[in-house]
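*Asks:* Take a look at the following structure, please.
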Amino acid sequence: MLTARTPRARRAPSDDVVAAPGSPEAGTDAPRLRTRRSPVLIVAGLLCAVLGALGGAFAWTQASRAQSVLVMVRDVARGEQLRSGDVGVVSISVAEGVSTLPASELDRLIGRHARVDLPAGSLLGAGSVGALPLTPGTARVGLRLPAGRVPTSPMPAGTRIAVVEVAEKSEAQALGAQREAEKAPRSTDAVVVRAPVRAEDRTSWLLDVEVSADQAPRLADLASRDRVAVIVRGP
């Protein structure tokens with residue numbers, strides 16, 4: 008007896024295919040992939056934020072501590088007077104223990120003397136400018152010297168010199184050339200207090216010297232009669 012076979016139902020392709028997560032075929036209950044953050048990147052970001060905050064705080068602190076102080080614009084040697092173009096103002100943060108002068112002192116310092124060498128770019132400190140100190144037992148004499156009676160080489164403050172007494176022309180003629188040659192000129196040891204500066208007549212030089220107090224009156228008298236010359240002494 009023959010039995011008829013019933014054809015088997017063909018399954019739909021969708022019954023054997025598993026939908027990928029996140030695809031339209033996947034159900035709402037399918038698991039989703041999660042993005043993982045690197046701990047190294049997190050730590051680096053935190054460090055950048057902390058460093059940025061610290062840098063901002065440091066910059067604010069430095070700016071709040073900045074002061075307007077006086078600074079040298081040009082070189083000024085010891086003994087010279089300060090002029091308006093020699094000193095400027097700079098705003099900086101000054102460390103503790105550094106001697107400075109505030110910008111408000113600028114007008115008061117103009118015309119005063121430098122007590123030490125003041126190179127360009129250096130900060131002015133208390134005591135670096137003012138009246139020149141006088142050594143006990145000495146006196147200060149101002150000289151006016153025509154060209155030929157003062158060396159052309161630089162004579163900064165502190166240079167040891169000799170102020171030589173020059174005979175008057177009438178006296179030299181009366182004594183005779185031979186006798187004048189045998190007579191040793193009298194000289195006085197001195198120290199330059201202020202480097203020579205050209206006088207207004209542009210033909211003579213002004214020079215401040217420090218000498219022994221007992222020699223000062225005679226030297227001042229000779230200088231008033233234009234009877235002095237200067238030579239530089241060796242060390």
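In our numbering, the protein residues as written are 8 to 242.
Note that beta-carbon positions come from the ideal geometry of N, C-alpha and C, so glycine has one too.
The model shown is predicted, which means the values in this text are computed figures rather than measured ones.
Taking the C-alpha atoms as reference points, what is the distance between Ser219 and Gly92?
*Replies:* Against the sequence shown, residue 219 aligns to sequence position 212. Against the sequence shown, residue 92 aligns to sequence position 85. Taking the straight line joining both Cα atoms gives about 35 Å.
*Asks:* Going by C-alpha to C-alpha distance, which of Ala223, Gln74 and Gln222 sits closest to Ser98?
*Replies:* Taking the first residue of the sequence shown as 1, we reach residue 98 at position 91. Closest by alpha carbon: Gln74.
*Asks:* In terms of DSSP beta bridges, what is Glu217 paired with?
*Replies:* Within the sequence shown, residue 217 is the residue found at index 210, counting from 1. Per DSSP, Arg147 and Val198.
*Asks:* Short of 6 Å in beta carbon distance, which residues of its chain neighbour Ala70, apart from the five on each side in sequence? Order them along the chain.
*Replies:* Taking the sequence shown and counting its residues from 1, one reaches residue 70 at position 63. Note that Ala70 has pLDDT 48, beneath the 50 cutoff, so the model's placement of it is unreliable and no number is given.
*Asks:* Within 10 Å of its beta-carbon, does Gly7 have 16 or more other beta-carbons around it, so buried, or fewer, so exposed?
*Replies:* This structure leaves residue 7 out entirely; the chain is present only between 8 and 242.
*Asks:* Terminal residues of the continuous alpha helix (DSSP H) containing Leu113?
*Replies:* Your numbering for residue 113 matches position 106 in the sequence shown. For Leu113, the enclosing alpha helix (DSSP H) covers residues Leu113 to Leu116.
*Asks:* With H, G and I counted as helix, E and B as strand and the rest as coil, what does DSSP make of Ala110?
*Replies:* Here residue 110 corresponds to residue number 103 of the sequence shown, with the count starting at 1. Secondary structure of Ala110 (DSSP, three-state): helix.
*Asks:* Tell me the DSSP secondary structure of Arg209 in three-state form.
*Replies:* Numbered from its first residue, the sequence shown carries residue 209 at position 202. Coil.
*Asks:* Cα separation between Val101 and Arg119?
*Replies:* Looking up residue 101 in the sequence shown gives position 94. Looking up residue 119 in the sequence shown gives position 112. Their backbone Cα atoms lie some 25 Å apart in a straight line.
*Asks:* Between Asp233, Arg156 and Arg232, which has its C-alpha nearest Pro203's C-alpha?
*Replies:* Taking the first residue of the sequence shown as 1, we reach residue 203 at position 196. Nearest C-alpha to Pro203: Arg156.
*Asks:* Would you mind stating whether Leu108 and Leu77 have Cβ atoms separated by less than 7 Å?
*Replies:* Within the sequence shown, residue 108 is the residue found at index 101, counting from 1. Within the sequence shown, residue 77 is the residue found at index 70, counting from 1. Cβ atoms of Leu108 and Leu77: closer than 7 Å.
*Asks:* In whole angstroms, what separates the C-alpha of Arg201 from that of Met162?
*Replies:* Here residue 201 corresponds to residue number 194 of the sequence shown, with the count starting at 1. Here residue 162 corresponds to residue number 155 of the sequence shown, with the count starting at 1. Taking the straight line joining both Cα atoms gives about 9 Å.
*Asks:* My output table needs one value for Ser75: the three-state DSSP class, helix, strand or coil.
*Replies:* The residue you call residue 75 lines up with position 68 of the sequence shown. Ser75: strand per DSSP, three-state reduction.
*Asks:* With a threshold of 16 other CB atoms inside 10 Å of the CB of Pro224, please say whether the residue is buried or exposed.
*Replies:* Along the sequence shown, one-based indexing puts residue 224 at 217. It counts as exposed.
*Asks:* Measure the C-alpha to C-alpha separation of Glu112 and Ala127 and round it to an integer number of angstroms.
*Replies:* To locate residue 112, count along the sequence shown from 1; it is residue 105. To locate residue 127, count along the sequence shown from 1; it is residue 120. Answer to the nearest angstrom: the Cα atoms are 18 Å apart.
*Asks:* Assuming Arg122 and Ser135 make a contact with CB atoms under 8 Å, what is their CB distance in whole Å?
*Replies:* On the sequence shown, residue 122 is found 115 positions in, with the first residue counted as 1. On the sequence shown, residue 135 is found 128 positions in, with the first residue counted as 1. Contact holds; Cβ gap of about 6 Å.
*Asks:* With distances taken from CA atoms, which of Gly95, Val170 and Arg193 is nearest Ser129?
*Replies:* On the sequence shown, position 122 is the one that residue 129 refers to. Looking at the Cα atoms, Gly95 is the closest of the given residues.
*Asks:* Just the C-alpha distance for Met79 and Gly137, rounded to the nearest angstrom, thanks.
*Replies:* For the purposes of this step, residue 79 is identified with residue 72 of the sequence shown, where counting begins at 1. For the purposes of this step, residue 137 is identified with residue 130 of the sequence shown, where counting begins at 1. Straight across, the Cα-Cα distance linking Met79 with Gly137 is about 15 Å.
*Asks:* Count the other C-beta atoms from every protein chain shown that fall within 10 angstroms of the C-beta of Glu217, then say buried if there are 16 or more, exposed otherwise.
*Replies:* By one-based count along the sequence shown, residue 217 stands at place 210. Per the 10 Å Cβ criterion, buried.
*Asks:* To the nearest angstrom, how far is the alpha carbon of Arg209 from that of Gly149?
*Replies:* Taking the first residue of the sequence shown as position 1, residue 209 is located at position 202. Taking the first residue of the sequence shown as position 1, residue 149 is located at position 142. Those two C-alpha atoms are separated by around 17 Å.
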